[in-house]
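Colleague: In our numbering, the protein residues as written are 83 to 820. Here you go, one structure.
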């Protein structure tokens, strides 16, 4: 039996509690490791190693001391001799001390178990794999993250050689790494870090970072390793490197401005920004972008830019900026905001694009388009554009004036087929519409289209197909109504003039030849000479009228002498000079002749009135009174007009004949029974037009004709009439009264 002194030495409580305190001090690192293990590093690995080693050491220590106390208690309980009375008191004290020690050991064991549970919870939530390895580099402990990292079930990890999972991590490699590793001051352990490859699923390699620490313990854990999967980090690094390369390679300037620092300074600028602005690499960092504006701060786009930045939204503006050397350039700036996880604005990313050439080209194109638009709007010719899909996309004002159509009823509404169908409906049925040959070939030969409504017109149409990929079709229309009419009149004029000139010339030539070749009586000779003289006079009269017309048209009234002339004086002069051989009729004055004066060329006006009176006699060969009177009216502007009306009771005219009055050599009676050249009314029309006057013709076939010559009356001030006459020179058209 051991003595009490021996038992006291065996279970010395002071030594025992010192050893337990050391273990618990090691376990006290768990609070620090809990925070560090979430972001593994040398300190975290050392803390994890200390936790695992301290836990194993404390557990083993408590187990050994519990066994020792149980042995001592068994010795005390198996004593054969009762201690003497003088020894009973120390034995009782010894039993009490042993019981207290056992109780305190149990309490410490409970604390160790609680700490171990916390450690298991901590290691179970760590995203990186934590391994405890024995001296032969076999897995003794692993946290659940090993399943996701290596594809190895947790219950199958124990006993696996670490090099099976990480081929490079052998015992020799591990020791070499630890020998060169730094000591972590907080734990006194060496921690080595290295990047290597792991194997997942037996054959799939992936990059990892291994942090390993070595510790001494009474347990079976010799090494503690923390392994992190680097695949995502490598991918992120590759992406970042790719993005940086893209920023460096782009031709657009890219900068980043911080919105959290005063003055919103630039914190990044790519190389293209340097070549674009002339600022060297890093020189612009810390500056504000407004430096690029120079003194040109009065730009409307800047207000848009400031409003967008104040609201924290994206925007795109075009600014005039200036390089470091002061050279201007046009900058298309795109700004995009960057916010943090809470939605607060932190940065702005700006992309600069030099669009100087593009803007110059745009302005040139805009100027060219404006010029072309002005030309098309002012052009008297019509233009119509059909796009590549065959729909009408543009028509100029002249085209709509020709056709009477409206843009809103045609642009974007009519395709080429509907356009032609509508044109066909407006054409004269006597002249069928000539449809387009839409085969993409150029058609240089113009087609004549004769419109019947809204007014009678003759249009020349030419087709062009653009050679560009757009495949547009352009129709060009030219109003050739006047030209067609002139050609018709020219043909008729030549035909009529040749006939009119040939007749007297034939008479003159024939009778003169008879006089040269034959001997005739004196009476017969006189008759022939009178005929030659009459035909020569007629020929001279015709040529004079042609010359008068040509001179009037050529001079356009520039040789007219405008002066106030009383209407009564004009009429008296004309009636005094009017002589119609063989016709005893006199012009009957109806009513009172107006005392109003008109501003006209007196000579030309008398000639016009004389021609009207001569026609009244000639076209009423069967008799009937010739009447003359004056009338007055107000025009659309409220000005007074004076008219001289002449009425006959002759053959009259049909409406078609009335419309052609004024054409050269046109005669209402083409039979030749009525003498004349057909030039008289053409002269009247030209004279009245150059003086700002008009002609009204009221005629009924077989009943007679009334022709009224309207003049602008002289105002009380006697001014403004010549200007009105000049303005109306080109507006006069023959018209009929209703």
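Every residue, glycine too, gets a C-beta built ideally from N, C-alpha and C. The structure displayed is predicted, hence computed values, not measured ones.
Using the C-alpha atoms, what's the distance from residue 455 back to residue 518?
Modeller: The alpha-carbon atoms of residue 518 and residue 455 are separated by roughly 26 angstroms.
Colleague: Using 8 angstroms for Cβ pairs, my map puts residue 417 next to residue 432. What's the rounded Cβ distance?
Modeller: Right, their Cβ atoms sit about 5 angstroms apart.
Colleague: Using the C-alpha atoms, what's the distance from residue 419 back to residue 191?
Modeller: Straight-line Cα distance between these residues: approximately 58 angstroms.
Colleague: How would you call residue 490, buried or exposed, if buried means at least 16 neighbouring beta carbons within 10 angstroms?
Modeller: Exposed is the call here.
Colleague: Buried or exposed for residue 702, please, with buried defined as at least 16 other CB atoms from any protein chain shown within 10 angstroms of its CB.
Modeller: Classification for residue 702: buried.
Colleague: Is it true that the CB of residue 329 sits closer than 9 angstroms to the CB of residue 363?
Modeller: Cβ atoms of residue 363 and residue 329: not closer than 9 angstroms.
Colleague: With DSSP run on the structure shown, which of helix, strand or coil describes residue 738?
Modeller: Three-state result, residue 738: helix.
Colleague: Taking residue 261 as part of the alpha helix (DSSP H), name the residues at either end of that continuous run.
Modeller: Counting along the chain, the alpha helix (DSSP H) containing residue 261 begins and ends at 253-261.
Colleague: What is the DSSP secondary structure of residue 271, reduced to helix, strand or coil?
Modeller: Residue 271 falls in the strand class under three-state DSSP.
Colleague: Suppose the cutoff is 6 angstroms on Cβ atoms and the five residues either side in sequence are ignored; what does the same chain contact list for residue 233 look like?
Modeller: Taken in chain order, the residues that qualify are 282, 283.
Colleague: For the beta strand (DSSP E) that contains residue 363, what are its first and last residues?
Modeller: Residue 363 -> no beta strand (DSSP E), and no H or E assigned at all.
Colleague: For residue 249, which three-state DSSP category applies?
Modeller: Three-state result, residue 249: coil.
Colleague: Quick one: what's residue 679 bridged to in DSSP?
Modeller: In DSSP, residue 679 forms a bridge with 648.
Colleague: Cα separation between residue 484 and residue 509?
Modeller: Going from the Cα of residue 484 to the Cα of residue 509 covers about 12 angstroms.
Colleague: For residue 704, which of helix, strand or coil comes out of DSSP?
Modeller: Coil, per DSSP.
Colleague: Do the CB positions of residue 535 and residue 541 come within less than 9 angstroms of each other?
Modeller: Not in contact: residue 535 and residue 541 (Cβ atoms no closer than 9 angstroms).
Colleague: Hey, how far is the Cα of residue 790 from the Cα of residue 677?
Modeller: Straight-line Cα distance between these residues: approximately 17 angstroms.
Colleague: Any contact between the stretch 489-504 and the stretch 443-450? By contact I mean 3 or more CB pairs, one from each, below 8 angstroms.
Modeller: No, the stretch 489-504 does not touch the stretch 443-450.
Colleague: Is residue 592 helix, strand or coil when you go by DSSP?
Modeller: Helix.
Colleague: Can you grab the Cα-Cα spacing for the pair residue 530 / residue 479, in whole Å?
Modeller: Computed Cα separation, rounded: 20 angstroms.
Colleague: With the cut-off set at 9 angstroms, would you say residue 386 and residue 379 are in Cβ contact?
Modeller: No, the Cβ-Cβ distance between residue 386 and residue 379 is not below 9 angstroms.
Colleague: In the DSSP assignment, the alpha helix (DSSP H) including residue 290 goes from what residue to what residue?
Modeller: Run containing residue 290: none in the alpha helix (DSSP H); it sits in the beta strand (DSSP E), 286-296.
Colleague: Since residue 370 contacts residue 345 with CB under 8 angstroms, what's their CB separation in whole angstroms?
Modeller: Between residue 345 and residue 370 the Cβ distance is about 5 angstroms, and since that is below 8 angstroms, they are a contact.
Colleague: Going by C-alpha to C-alpha distance, which of 787, 571, 413 sits closest to residue 434?
Modeller: Of the candidates 787, 571, 413, the one whose C-alpha sits nearest the C-alpha of residue 434 is 413.
Colleague: Can you check whether the C-beta of residue 536 is within less than 9 angstroms of a C-beta belonging to chain C?
Modeller: The chain inventory of the structure shown lacks chain C, comprising one protein chain alone.
Colleague: Roughly how many angstroms lie between the CA atoms of residue 399 and residue 249, to the nearest whole one?
Modeller: Between residue 399 and residue 249, the C-alpha separation is close to 58 angstroms.
Colleague: Would residue 683 pass as a contact of residue 769 if the rule is Cβ separation under 9 angstroms?
Modeller: In this structure, residue 769 lies closer than 9 angstroms to residue 683 by Cβ.
Colleague: Using a threshold of 9 angstroms, state whether the C-beta atoms of residue 429 and residue 340 are closer than that.
Modeller: Cβ distance < 9 angstroms, so residue 429 and residue 340 count as in contact.
Colleague: Would residue 787 and residue 730 qualify as a contact pair, given that the criterion is a beta-carbon distance under 9 angstroms?
Modeller: Contact flag set, yes.
Colleague: Using three-state DSSP, classify residue 462 as helix, strand or coil.
Modeller: Three-state result, residue 462: coil.
Colleague: What ranges does the beta strand (DSSP E) occupy inside the stretch 397-442, keeping only unbroken runs of at least 3 residues that lie completely in it?
Modeller: Fully enclosed beta strand (DSSP E) runs of 3 or longer: 397-404, 410-421, 427-436.
Colleague: In the DSSP assignment, the beta strand (DSSP E) including residue 547 goes from what residue to what residue?
Modeller: Residues 539-547.
Colleague: By a C-beta neighbour count over all protein chains shown, 10 Å radius and 16 as the cutoff for buried, is residue 415 buried or exposed?
Modeller: The residue is buried, with at least 16 neighbouring Cβ atoms inside 10 Å.
Colleague: Could you check where the alpha helix (DSSP H) with residue 359 kicks off and where it finishes?
Modeller: Its alpha helix (DSSP H) spans residues 353-359.
Colleague: I need the DSSP call for residue 554, collapsed to helix, strand or coil.
Modeller: Of the three classes helix, strand and coil, the one that applies to residue 554 here is coil, per DSSP.
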